[in-house]
Amino acid sequence: MIRMGRSSRADQPDAGTYTEQPAPTAPYMNTTDAPSVSSRAISESDSMARDIKEGRLSGFVGHGTTLTGETEFQAMLRVDGHLIGTVSSATGTLIVGTNGQVDANIAVAAAMINGTVNGDILATEKLQLGRTARVIGNIQAPRLVMEEGAVLEGSCAMLKARESIEKSVAAPAYEPVQAEPSYSADTAQSPDEATASLFAGESDEADEDETAGSATA
Numbered sequence: 000m001i002r003m004g005r006s007s008r009a010d011q012p013d014a015g016t017y018t019e020q021p022a023p024t025a026p027y028m029n030t031t032d033a034p035s036v037s038s039r040a041i042s043e044s045d046s047m048a049r050d051i052k053e054g055r056l057s058g059f060v061g062h063g064t065t066l067t068g069e070t071e072f073q074a075m076l077r078v079d080g081h082l083i084g085t086v087s088s089a090t091g092t093l094i095v096g097t098n099g100q101v102d103a104n105i106a107v108a109a110a111m112i113n114g115t116v117n118g119d120i121l122a123t124e125k126l127q128l129g130r131t132a133r134v135i136g137n138i139q140a141p142r143l144v145m146e147e148g149a150v151l152e153g154s155c156a157m158l159k160a161r162e163s164i165e166k167s168v169a170a171p172a173y174e175p176v177q178a179e180p181s182y183s184a185d186t187a188q189s190p191d192e193a194t195a196s197l198f199a200g201e202s203d204e205a206d207e208d209e210t211a212g213s214a215t216a
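Here it is in structure tokens:
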């Protein structure tokens, strides 16, 4: 059999020669690097999940989430999104993250504000404004912590402290002592003098009776 053209023997490697060829890439393999996950994000997520499981965190409004209405909670509420309406809790703590925004009147036991609040805040125990906080409204709290950089556009009232001071000033520290009657030197008498004057008065009355009887006779 005659073959025209190049000899096929030239293209074939020698029997004792081994040529290493790269392995073909499988079509299902992804050669791009996987994005690295931040350890901080994982730790915050684990911490939040643990708080929710143990009951320390009552609710969470995540970034990009908007809730509208009346919000009531028991233990702790964290807002990293947008909350509109009213927020109330007799014993709970409200946390507003750096990216969080609350357009509502707030009445809670304690509040930690690092984001934006458009509304009045009433904290019966403590109010803390972080350096990234911005509050447009009036605040009322017995204890206030305001870091450098925080912005407050409104009035601040320390109601409980003022009420306790007013009560302490209004209530007398001791009961008033009633004044005892005073005696002058002229009118003061010893017990013997008082007894003598009493008998003298009785003898004068007896003399008057005897005089009246003799006059009648």
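Numbering that gives the first Met the number 0 puts the first residue of the sequence shown at 0, with every later residue one more than the last. No residue lacks a Cβ here, since even glycine has one placed at the ideal position from N, Cα and C.
Candidates 74, 136, 115, of which the one nearest residue 107 by Cα:
Residue numbering aside, residue 107 sits at position 108 when the sequence shown is read from its first letter. The option with the nearest alpha carbon to residue 107 is 74.
What residues in its chain sit with their C-beta under 8 Å from that of residue 87, if we drop five residues either side in the sequence?
In the sequence shown, counting from the first residue as 1, residue 87 sits at position 88. Scanning its chain for C-beta atoms nearer than 8 Å, with the 5 sequence neighbours on each side dropped, one finds around residue 87 the residues 69, 70, 71, 105, 106, 107, in chain order.
In three-state terms, what does DSSP make of residue 158?
Here residue 158 refers to the residue found at position 159 of the sequence shown. Residue 158 falls in the helix class under three-state DSSP.
On the DSSP letters alone, give me the boundaries of the beta strand (DSSP E) that residue 69 sits inside.
Translated into the one-based positions of the sequence shown, residue 69 becomes position 70. Looking at the DSSP string, the run of the beta strand (DSSP E) that includes residue 69 is 65 to 71.
For a quick check, are the C-beta atoms of residue 156 and residue 130 less than 7 Å apart?
By one-based count along the sequence shown, residue 156 stands at place 157. By one-based count along the sequence shown, residue 130 stands at place 131. Contact flag unset, no.
By Cβ distance, which residues of its chain are closer than 7 Å to residue 113, with the 5 residues on each side in sequence left out?
Walking along the sequence shown from the start, residue 113 turns up at place 114. Non-local C-beta neighbours of residue 113 in its own chain, meaning closer than 7 Å and more than five positions away in sequence, comprise 95, 96, 97, 129, 131, 132, ordered along the chain.
Residues bridged to residue 130 by DSSP?
Along the sequence shown, one-based indexing puts residue 130 at 131. None, per the DSSP bridge assignment.
What residue range does the beta strand (DSSP E) around residue 92 cover?
Taking the sequence shown and counting its residues from 1, one reaches residue 92 at position 93. That run of the beta strand (DSSP E) goes 92 to 95.
Just to confirm before moving on: does the CB-CB distance between residue 115 and residue 100 stay below 7 Å?
The residue you call residue 115 lines up with position 116 of the sequence shown. The residue you call residue 100 lines up with position 101 of the sequence shown. The answer is yes: Cβ separation under 7 Å.
Cβ-based neighbour list, residue 64, same chain, cut-off 6 Å, excluding 5 preceding and 5 following
Within the sequence shown, numbered from 1, the residue matching residue 64 stands at position 65. Correct list, in chain order: 80.
Considering only their Cβ atoms, is the gap separating residue 103 from residue 92 smaller than 7 Å?
What you label residue 92 is simply residue 93 of the sequence shown in a count that begins at 1. What you label residue 103 is simply residue 104 of the sequence shown in a count that begins at 1. No; because the gap between Cβ atoms is not below 7 Å, this pair is not in contact.
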